[in-house]
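The opening position of the sequence shown corresponds to residue 9 in my numbering, with each subsequent residue numbered one higher.
To start, the structure itself, in structure tokens.
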Amino acid sequence: MHLTIHRGTKEIGGSCVELKTSNSRLLIDLGMPLVNKKGGPFDSKILENKSLNELKELKLLPGITGLYKDEVKTTDAILISHSHLDHYGFLKYVHSDIPIYMSEGAKQLIKISDIFTPNKVGPINAKVVDKDKRVKIGDFVIIPYLVDHSAFDARAFLIEVEGKRLFYSGDFRGHGRKSILFKDMVNNPPKGIDCLLMEGSMLGRDKPDISAIDVIGIGSGVVDRLNELDYKVAGVNVGESPTSDEDKKKYECRIFWSNQDGGWISHSLNTDQIGVGSTPVKALKDMQKGVDAVFALAAEDETIQPWRKAPVLEQYGEIF
Ligand SMILES: [Zn+2]
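Now the structure itself:
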């Protein structure tokens, strides 16, 4: 079996994997990219008013022969893991004789999404694969798994071919309403896998899960409670009891977990001081100490400017 990852090794989204034997050819996902070649956001307007040939020449479409509408069909089937555009968005270019296997939920969601999205795929040759039900396509035997993801009724695929077993996880999460599926998979994974294909788009992200704000005094308690609940917290106003607006402004900060630093970071938004610690509260206290030190220095030395906007504010998103 030959395996080609057409897109998805260096970027998030636009996933497309090709599996080939001497007799059969299978594609897993055919997504629209999320990022362009420069790493910026992908603008789907670039696809408009272009012929299939132009799209292939510009390498916007993966270079797969026997897949597209203007070619002689040599692809046996496409498996779609779930109904997110970065996994199915290019289906409209596919030869209409190629069956496209997906869950019932994905089929319905793609149909409904087409009403709202400018990136329509139009009518597609969709075939439903039930979870745990084997499907044979040429040399391939496919066993679909139900996984928990923000796209309803998502699938992972176990594929057996020429004595090898490949597992394509698709997108999944461990914290959704169906996280039991994730736990079951971890506790009882499919055996004898030769190749595991998995995306890791949310591994190591520093962005906080939630923002929280506390106005007077109880900041530490709020943060502690959220921390106990395993949230990564951002945006807490600290201070034992800020007596003035100026005090509040001094200690207003964002708190987040940093994988890179292996600790909690507290970043004051208006004085640009950083505090670190093993708990959010320790990070807050550390930051507060730094802020106080800067203001103490500024009282003695007029060349020191204690107020400074945190330059990374935008990357934390909106504060509420
Ligand atoms: Zn997804």
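Backbone N, C-alpha and C define an ideal beta-carbon position, used for all residues, glycine too.
For isoleucine 36 and glycine 22, what's the separation of their Cα atoms in angstroms? The residue labelled residue 36 in the question sits at position 28 within the sequence shown. The residue labelled residue 22 in the question sits at position 14 within the sequence shown. The straight-line gap from Cα to Cα measures roughly 11 Å.
Could you check if valine 80 is buried or exposed, using at least 16 other CB atoms within 10 Å of its CB as the buried criterion? Position 72 of the sequence shown, counted from the first residue, corresponds to residue 80. It is exposed - the Cβ of valine 80 has fewer than 16 other Cβ atoms within 10 Å.
Identify which residue in Leu154, Leu11, Glu26 has its Cα closest to the Cα of glycine 39. Locating residue 39 in the sequence shown gives position 31, where the first residue counts as 1. For the residues Leu154, Leu11, Glu26, the minimum Cα distance to glycine 39 belongs to Glu26.
Assign aspartate 65 to one of three DSSP states: helix, strand, or coil. By 1-based counting over the sequence shown, the position of residue 65 is 57. A small fix is needed here, since residue 65 is glutamate in this sequence, not aspartate. In this structure, glutamate 65 counts as helix in the three-state DSSP scheme.
Cβ of lysine 128 within 8 Å of Cβ of aspartate 122? Along the sequence shown, read from residue 1 onward, the residue named residue 128 stands at position 120. Along the sequence shown, read from residue 1 onward, the residue named residue 122 stands at position 114. Yes, the Cβ-Cβ distance between lysine 128 and aspartate 122 is below 8 Å.
Quick one: does the C-beta of aspartate 342 sit closer than 7 Å to a heavy atom of ligand 1? Because residue 342 is not part of the residues shown, which for the chain are 9 to 328, the question remains open.
Limits of the unbroken alpha helix (DSSP H) element including valine 299: The residue you call residue 299 lines up with position 291 of the sequence shown. Looking at the DSSP string, the run of the alpha helix (DSSP H) that includes valine 299 is 288 to 308.
Indicate whether at least one CB of chain B lies closer than 8 Å to the CB of cysteine 203. The structure shown contains no chain B, having only a single protein chain.
Could you tell me whether the region 83 to 93 touches the region 55 to 64, where touching means 3 or more Cβ pairs closer than 8 Å? no
What did DSSP end up calling isoleucine 72 once you bin it into helix, strand or coil? By 1-based counting over the sequence shown, the position of residue 72 is 64. Coil.
Secondary structure at lysine 115, three-state DSSP: helix, strand or coil? Stepping through the sequence shown from its first residue, residue 115 is reached at position 107. Note: lysine 115 maps to helix in three-state DSSP.
Would the beta-carbon of alanine 164 be found less than 7 Å away from any heavy atom of ligand 1? Here the question's residue 164 lines up with position 156 in the sequence shown. Incorrect: alanine 164 has no Cβ contact closer than 7 Å to ligand 1.
Just to confirm, is the Cβ distance from methionine 206 to serine 187 under 8 Å? Along the sequence shown, read from residue 1 onward, the residue named residue 206 stands at position 198. Along the sequence shown, read from residue 1 onward, the residue named residue 187 stands at position 179. Their beta carbons are not under 8 Å apart, which means methionine 206 does not touch serine 187 by this criterion.
Can you look up serine 266 in the DSSP assignment and give me helix, strand or coil? What you label residue 266 is simply residue 258 of the sequence shown in a count that begins at 1. Of the three classes helix, strand and coil, the one that applies to serine 266 here is strand, per DSSP.
If contacts are defined as beta-carbon pairs under 8 Å, then isoleucine 273 and alanine 291 qualify, I think. What distance do you get, rounded to the angstrom? The residue given as residue 273 occupies position 265 in the sequence shown. The residue given as residue 291 occupies position 283 in the sequence shown. Right, their Cβ atoms sit about 6 Å apart.
Could you give the first and the last residue of the continuous alpha helix (DSSP H) run that contains histidine 95? Here residue 95 is taken as the residue at index 87 of the sequence shown, counted from 1. Note, histidine 95: alpha helix (DSSP H), 93 to 96.
Nearest to lysine 172 (by Cα), restricted to the options Gln268, Ile150, Asn61: The sequence position of residue 172 within the sequence shown is 164, counting from 1. Nearest option by C-alpha distance: Ile150.
Might you give, ordered along the chain, the residues of its own chain that have their beta carbon closer than 6 Å to the beta carbon of lysine 191, omitting 5 neighbours on each side? The residue you call residue 191 lines up with position 183 of the sequence shown. Excluding residues within five positions, none has a Cβ falling inside 6 Å.
Buried or exposed by the 16-neighbour rule on C-beta atoms within 10 Å, applied to alanine 307: What you label residue 307 is simply residue 299 of the sequence shown in a count that begins at 1. The residue is exposed, with fewer than 16 neighbouring Cβ atoms inside 10 Å.
Under a three-way DSSP split, which group does leucine 277 fall into? As a first step, residue 277 must be located in the sequence shown, where it is residue number 269. Here leucine 277 sits in coil by DSSP.
Alpha helix (DSSP H) segment containing phenylalanine 160, residue limits: For the purposes of this step, residue 160 is taken as the residue at position 152 of the sequence shown. Counting along the chain, phenylalanine 160 falls outside any alpha helix (DSSP H), and DSSP gives it neither H nor E.
Presumed contact (8 Å Cβ cut-off) between proline 152 and lysine 141, rounded CB distance: Against the sequence shown, residue 152 aligns to sequence position 144. Against the sequence shown, residue 141 aligns to sequence position 133. 7 Å between Cβ atoms; contact.
What residue range does the beta strand (DSSP E) around isoleucine 188 cover? For the purposes of this step, residue 188 is identified with residue 180 of the sequence shown, where counting begins at 1. Unbroken run through isoleucine 188 is the alpha helix (DSSP H), 187 to 195; no beta strand (DSSP E).
What separation, rounded to the nearest whole angstrom, lies between the Cα atoms of histidine 275 and proline 288? The residue labelled residue 275 in the question sits at position 267 within the sequence shown. The residue labelled residue 288 in the question sits at position 280 within the sequence shown. If I take the Cα positions, the gap works out to 11 Å.
Any non-hydrogen atom of ligand 1 within 7 Å of alanine 114 CB: Residue 114 sits at position 106 when you count from the first residue of the sequence shown. Checking the Cβ of alanine 114 against ligand 1 gives no.
Does ligand 1 have even one heavy atom less than 7 Å from the beta-carbon of histidine 95? By 1-based counting over the sequence shown, the position of residue 95 is 87. At least one heavy atom of ligand 1 is nearer than 7 Å to the Cβ of histidine 95, so yes.
What's the C-alpha gap between isoleucine 20 and glycine 298? For the purposes of this step, residue 20 is taken as the residue at position 12 of the sequence shown. For the purposes of this step, residue 298 is taken as the residue at position 290 of the sequence shown. If you take the alpha carbons of isoleucine 20 and glycine 298, they lie about 38 Å apart.
Under the rule that 16 or more other beta-carbon atoms within 10 Å means buried, what is serine 91, buried or exposed? As a first step, residue 91 is located in the sequence shown; it is residue number 83 there, counting from the start. Burial call: buried.
With distances taken between CB atoms, is the gap from leucine 166 to aspartate 202 smaller than 8 Å? Locating residue 166 in the sequence shown gives position 158, counting from the first residue. Locating residue 202 in the sequence shown gives position 194, counting from the first residue. Not closer than 8 Å, so no.
Contacts around proline 314, its chain only, beta-carbon distance under 7 Å, and the 5 residues preceding and following it disregarded: By one-based count along the sequence shown, residue 314 stands at place 306. Thr279, Val302, Phe303, Ala306, listed in sequence order.
Within 7 Å: the Cβ of alanine 306 and any heavy atom of ligand 2? Ligands present in the displayed structure are limited to ligand 1, and ligand 2 is not among them.
Straight-line gap, glycine 285 to glycine 271 (C-alpha atoms, nearest Å): The sequence position of residue 285 within the sequence shown is 277, counting from 1. The sequence position of residue 271 within the sequence shown is 263, counting from 1. One C-alpha to the other measures close to 6 Å.
Does the Cβ of histidine 183 lie closer than 7 Å to at least one heavy atom of ligand 1? Here residue 183 is taken as the residue at index 175 of the sequence shown, counted from 1. Outside the cutoff, so no.
Where proline 70 falls, given that 16 or more other Cβ within 10 Å makes a residue buried: Translated into the one-based positions of the sequence shown, residue 70 becomes position 62. Proline 70 is buried by the Cβ-count criterion.
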